[in-house]
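Asker:
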Amino acid sequence: PTQGSMRFLCALLSMLALRVSAWSPHLARFGISPATQVAATYSPSMGPAKDGPFTPAVLLAKVVLGEPQLLKLRGKAISIHSQEIKKFCADYGVDSKMQQALIKKAKAVGSDLGFLS
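And the structure:
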């Protein structure tokens, strides 16, 4: 995906997230509730994914895109975010230990917000 398409996707997801409360009744038709806890794809140290404000959007994307496509898209977004953190650290002379801590913190915050549901 190009940088423009990733920006469009981020903007679209942000707009959709504003309407997450309206999706709950529709997700129930598919047997999905915001309280559903799904284990993270590969996260042995973090345990199950947490519910957050973006959980309904992620669950809707799982229904619309299918789980394999969602995992691929999520992996690409995580990769791009990690690259941006690394660029930031390189620009400001942040050492590699702090860089890894920032990436780990981004993963924890993503989980808290429901992006890993």
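The numbering of the sequence shown is the working numbering, which starts it at 38 and goes up by one.
Backbone N, C-alpha and C fix where the C-beta goes; we use that ideal spot for every residue, glycine too.
#1: Please list the segments of the alpha helix (DSSP H) lying wholly inside the region 84–142, counting only runs of 4 or more residues, in order along the chain.
#2: Is the separation between the beta-carbon of S154 and that of T92 shorter than 8 angstroms?
#3: Please classify S154: does DSSP put it in a helix, a strand, or coil?
#4: Could you give the distance in angstroms between the alpha-carbon of L102 and the alpha-carbon of K87?
#5: Quick one: measure Cβ to Cβ for P90 and L150, integer angstroms, because I've assumed they're closer than 8 angstroms.
#6: With a threshold of 16 other CB atoms inside 10 Å of the CB of K144, please say whether the residue is buried or exposed.
#7: Give me, in chain order, the residues of the same chain whose beta-carbon lies closer than 7 angstroms to that of F152; leave out the 5 immediate sequence neighbours on both sides.
#8: Look at L107 and A98 and say whether their C-beta atoms are less than 8 angstroms apart.
Answerer: Looking at the coordinates:
#1: 92–102, 104–129
#2: The Cβ atoms of S154 and T92 lie closer than 8 angstroms to each other.
#3: coil
#4: Each residue's alpha carbon lies about 21 angstroms from the other.
#5: Yes, P90 and L150 are in contact; Cβ-Cβ is about 6 angstroms, under 8 angstroms.
#6: Taking all protein chains in view, the Cβ of K144 is crowded by 16 or more other Cβ atoms within 10 Å, so the residue is classified as buried.
#7: F91, V95
#8: Inclusion of L107 and A98 in the CB contact set at 8 angstroms is warranted, their separation being smaller than that value.
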